[in-house]
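Data block below; observations after.
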Amino acid sequence: MNVHLQIFSPWKLSLIFIIYHLFTMSAAQSTNDSNAMSNEEVLDKIISFVKSSDPQEQFTGAALARKWLFHPNRQNFDKDFIQRGFLPIFVNGLQSKNTKMQYECAFLLAFFAESGHVDAMVKAGCIPPLVDLVTSSDNSVAEMSTLTLGHIIVHNNTKYRDLCIAAGIVKALAKRLVVEAPVPFLQHATYAIGNIFNNKDDPPSKEVADILLPGLVKLVQHEDIETLKETLLAISYIAANDRSMVAKTGVARKVINLLDHKEPDIQVNALDILGNIASGTNDHTQYILDIGTLPLMDKFLKSSNKKLNKEACWFLTNFLAGSEEQIQAVFDAGYIPLIIKHLKTGDFATQQKAAKCILNIAVYGDDKNLNTIIDRNVLPALSSFLKVVEDKETKIIELALQGLEKIVLNSPTRKNEMFEQLLENGGIDVLQRLQKYPSDAVSLSATVILASLVATEHTVSFHYIGSGHDEN
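For reference, each letter of the sequence shown is one residue, going -28 to -1, 1 to 444 in mature numbering (1 follows the signal peptide of the UniProt record, and there is no 0).
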């Protein structure tokens, strides 16, 4: 009988040794086995592989590094890996001709990006090779590289975003942004694109939007939920900066159909696009009105989903800051009682948007509009909101006071009625306290409102109430 003995090369023996210890370390440590390898010993073995001149050994080292990152007993992996000089090696591995090595290195870099080590990665020069791999013929490599870039772009304000753009990420993504692309790639690509545009104060150039927007529009109504959600989010960011560009694509007519989508996040992102377009000129607002959006707000205002309540109120602020006809359209739709209800009893985020609706009515509406909201008990609702916001940041208090001040000053014939409603619902008490608020704008506004209300027969009772509060 012939016996065949398998001879292992030294690196394979080391590999077997490391894998054995990776999978037995937990048991060994639980029994205080003195033969267990320490973290440092395992990492020293791994780095000996990744620093090898042998491509196969380099790949083995990268694969072992990935296993080690997810080992339950690893400690200080980020510090250990970075201090040992792993990152430049992984970046260099992205340029390997071996797609498996490229994937392993992209995966490892994605892990480090998610763990907050983007600065070290960028310093190691990861952006150009990652951008090159976005168009890789290997889908797994392209997907992981795109995900890693998405994490990098969102870090450090817009500095790394601009580095990615300079490295060619925009054209690389646009080239592969087609409906037929693999779903994981589209998920990561739309996530990265959203991060490119997610800075209202410092958006990328119009050219970037020109290149990426057509591909995004094609993905609207994509069957994959995550892809669709990220696509809509990216378009909403573009619309916030260039309403006309997005409106001209005709995407609003596609997006309106998504307001009936079963996923609330899809509905919210669709509303964001429509609302951002409507927030432009009156012509933009009219365009969104004309495609039939207004009747669809009823279900969102009445929804049990608080995010949808908030989005619907925000959406309506755009119409209530528009033309006389656009403002009246909201009144005719019967939405004022629902807005006031959310102002009084909604969650805080929704209350703020409802308060902005009331402010816009007070600023842009006519006497008939003001009388309507007073008749619909806007003063008790504003009193409730004032109680909520009096200990919040100044700009939120100002939001509540501005709306109330405009209503009071522009409705002189109803001062008595408004005073009684505010007094009964605690609004007068809050206004008196706000007279002592450290912000001049807040204290002055509260004083103006009170002075306007009590410059009648209520003057005596007001001073009596005030003296009572001074005792507290």
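Glycine included, every Cβ here is placed at the ideal spot set by N, Cα and C.
- In the displayed model, Y209 falls within a helix according to three-state DSSP.
- Spatial neighbours of S295 in its own chain (CB-CB distance under 7 Å, excluding positions within 5 residues in sequence) are listed in chain order as N254.
- In this structure, the alpha-carbon of E115 lies about 29 Å from that of D214.
- Its chain contains N281 as the residues whose beta carbon lies nearer than 7 Å to that of S275, once the 5 sequence neighbours on both sides are disregarded; these appear in chain order.
- A direct Cα-to-Cα measurement between T130 and A250 gives close to 27 Å.
- Assigned with DSSP and collapsed to three states, E297 falls in helix.
- With fewer than 16 other Cβ atoms from the protein chains shown falling within 10 Å of its own Cβ, S25 counts as exposed.
- Cβ neighbours of A334 within its own chain (closer than 6 Å, five residues either side excluded): G375, K378, I379.
- Remark: fewer than three beta-carbon pairs, one from each stretch, lie closer than 8 Å, so the region 257 to 265 and the region 302 to 317 are not flagged as touching.
- The alpha carbon of H160 has as its nearest neighbour, out of T120, N341, N229, the alpha carbon of T120.
- DSSP places G33 inside the alpha helix (DSSP H), whose first and last residues are 27 to 41.
- Shown here, A114 sits in a helix according to DSSP, grouped into three states.
- Judged by beta-carbon spacing, C77 lies within the 8 Å limit of A34, meaning their Cβ atoms are closer than that value.
- If you draw a straight line from the Cα of V192 to the Cα of V227, it is about 7 Å long.
- Pairing A372 with L354 gives a Cβ-Cβ distance under 8 Å.
- Here R133 is buried: its Cβ has 16 or more other Cβ atoms, across all protein chains shown, within 10 Å.
- Taking every protein chain shown into account, the CB of N167 has 16 or more other CB atoms within 10 angstroms, so this residue is buried.
- According to the DSSP assignment, V426 belongs to the alpha helix (DSSP H) that extends over 412 to 426.
- Between I165 and A211, the gap from beta carbon to beta carbon reaches 8 Å or more.
- With a threshold of 16 other beta carbon atoms within 10 Å, L149 meets it and is buried.
- Under the 10 Å beta carbon count, L59 is surrounded by 16 or more other beta carbons and is classified as buried.
- Taking a contact as a CB-CB distance under 8 Å, the pair V426 and T366 does not count as one, their CB atoms being some 25 Å apart.
- Taken in chain order, the region 278 to 332 contains no complete beta strand (DSSP E) segment of 3 residues or longer.
- With respect to the 8 Å criterion, L381 and S424 are classified as neighbours on the basis of their beta carbons.
- DSSP places C98 in no alpha helix (DSSP H); its state is neither H nor E.
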